[in-house]
Structures are given as C-alpha cells and as structure tokens.
Ligand SMILES: Nc1ncnc2c1ncn2[C@@H]1O[C@H](COP(=O)(O)OP(=O)(O)OP(=O)(O)O)[C@@H](O)[C@H]1O
Ligand SMILES: [Mg+2]
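In this note's numbering, the protein residues as written are 13 to 245.
#1: Rounding to the nearest angstrom, what Cα-Cα distance links residue 61 and residue 109 in this structure?
#2: In chain order, what residues have a CB nearer than 7 Å to some heavy atom of ligand 2?
#3: Assuming residue 114 and residue 96 are in contact, meaning their beta carbons sit under 8 Å apart, how far apart are those beta carbons, in whole angstroms?
#4: What residue range is occupied by the uninterrupted alpha helix (DSSP H) comprising residue 181?
#5: For residue 74, write down the residues that DSSP places opposite it in a beta bridge.
#6: Please classify residue 52: is it buried, with 16 or more other beta-carbons within 10 angstroms of its beta-carbon, or exposed?
#7: Using beta-carbon positions only, say whether residue 190 and residue 48 come within less than 9 Å of one another.
#8: Which term fits residue 187, buried or exposed, when burial requires 16 or more other beta carbons within 10 angstroms of its beta carbon?
#9: Since residue 213 sits in a beta bridge, which residues does DSSP pair it with?
#10: Starting from residue 129, trace the beta strand (DSSP E) both ways and give me its first and last residue.
#11: Give the list of continuous alpha helix (DSSP H) stretches no shorter than 4 residues that lie fully inside the stretch 44-93.
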C-alpha cells in the first residue's frame, strides 16, 4: 500500500477566520477515507485543498508523483438552455470511444442512460454519472464531495457499493465526504471527523465508540428526529 497524498498540519483561514485548523492525514492506495462532520465544518474547503483548488494558509500537502485525481464536486448545475447528453458529458474531460463509455457506465449500472439528458436525470442517476465521469480518467485518487446527496437510502447503499467496487477495480484511493455515518462507515477503512479541527479518527468501529463522536452525532440524530416530528405535526 503506497501513500497517495499526505496533509501535514493544514490550516485554512478566510478573512482571518480559521475554517480548517492543523489537519493532518494520509490517503493510501486502495484505502477509502470518509470525512464526516456537520455543515460548515470545513469539509469542502479541505477537499479543495486536496485537489489543489485552495492554497492552505499554513501547512503542507504532498502528492505522489504524477498523481491523477478524479473529482466530483458537492454541487453542479446544468443550464436548461444547453441540453447535454450523458454520452457528451462523459467526453468533456477526455475523448472516449463508445466502447469505453459503455464499459464505465455499465460499472455504475447506468448503461441505459447513455442518450439521456443530464438535466433530466434523477438525483441517484446523476450521482452515478458524476462518479462514472470521475472514473473515466482511471484516477489513482478519487475525491468525492458528498456523493450520496439527493439520493434515497437504497440508492445510497448502491452508490457506496459502487465506490468500493471502483476502488477494487482501479486499485485507487478514495477520499469522500459523507453526512450519513452508518452508510459511509460500511465501506470506509478510515473515518475522520472534522469540525474545523479533527476531533476523532480511526477505523469505523473505533470512531463509533468515541465519546466525542457519539456526542456530536447523537445530538444531530436527536435534532433531525425533532425537526421531522415537528414537520409532521
Ligand atoms: N472562499 C470562501 N471565503 C470565505 N468563507 C468561505 C469560503 N469558502 C468557505 N467559506 C466558509 O467556510 C466555512 C466552511 O465551509 P465548507 O464549505 O468547507 O463547509 P462544509 O463542511 O463542506 O459544509 P457542508 O456540509 O454544508 O457542505 C463556511 O462557514 C463557509 O461559509
Ligand atoms: Mg461541503
């Protein structure tokens, strides 16, 4: 197992306010690392540091030589006035022949969508196509910012399964942001809980038992339950 990226004491500040504080971790080949944390915790900011979109205020990041990264951003919008098919979207980054497109779409169980318009896909279909596009360049590191957003539970289970399958197929490392700890924990080898700084990390089993983790996520579950309850009243 070799190291793909290593973050060393990364701090990011916007307008002198620290959003990410002294974060260090590594992602190795064939390892799935899940980044969990509440809204505004700095997860997307950290992801952008990893892919080189944001320069950290302090700290260093090392990447394996010639590292290829496949990235799926947290949000993407398509202009309704400029319809684009799945096939065309798959070719935006790299020219792919029909056979290659079909093969990658089949991997994410979306070969039937090849001629559909991106604008018309369901939440689950869209996320599978975004995953397929990120996989099209055979990345050594797959970086996914909330790959299961807008997807129902069954679709989420499928997505996390597909991510694990992609890791096996391409022997790549995966860094993914997730809100659903139960589902993410099923496929992750390592979990990092972030709330500006790392407040716990380790194997899913170790982290689930960590009191700091339980306090944060139990509160979140309680809050969600109360909100749902109020909405039903
Ligand atoms: N370019 C920027 N300039 C100023 N503030 C920013 C910038 N980017 C992000 N922030 C702030 O940093 C904080 C963390 O944002 P970030 O998007 O990293 O959170 P997140 O953990 O991904 O949240 P979510 O779960 O909602 O996606 C937020 O308060 C956000 O407003
Ligand atoms: Mg985010």
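C-beta: ideal position from N, C-alpha, C; glycine also.
Looking at the atomic coordinates:
#1: Straight across, the Cα-Cα distance linking residue 61 with residue 109 is about 32 Å.
#2: This selection yields 55, 56, 86, 157, 158 and 189.
#3: The beta carbons of residue 114 and residue 96 sit about 18 Å from each other, so the pair does not count as a contact at 8 Å.
#4: Residue 181 -> alpha helix (DSSP H) spans 165-182.
#5: DSSP output for residue 74 lists 18 as bridge partner(s).
#6: The C-beta of residue 52 has fewer than 16 other C-beta atoms within 10 Å across all chains shown, which makes the residue exposed.
#7: Cβ distance < 9 Å, so residue 190 and residue 48 count as in contact.
#8: When all chains shown are included, residue 187 counts as buried.
#9: Answer by DSSP bridge pairing, in chain order: 204.
#10: Membership of residue 129 in any beta strand (DSSP E) is not indicated, and neither H nor E is assigned to it by DSSP.
#11: Taking only runs of at least 4 residues, the alpha helix (DSSP H) segments lying wholly in the stretch 44-93 are 55-62.
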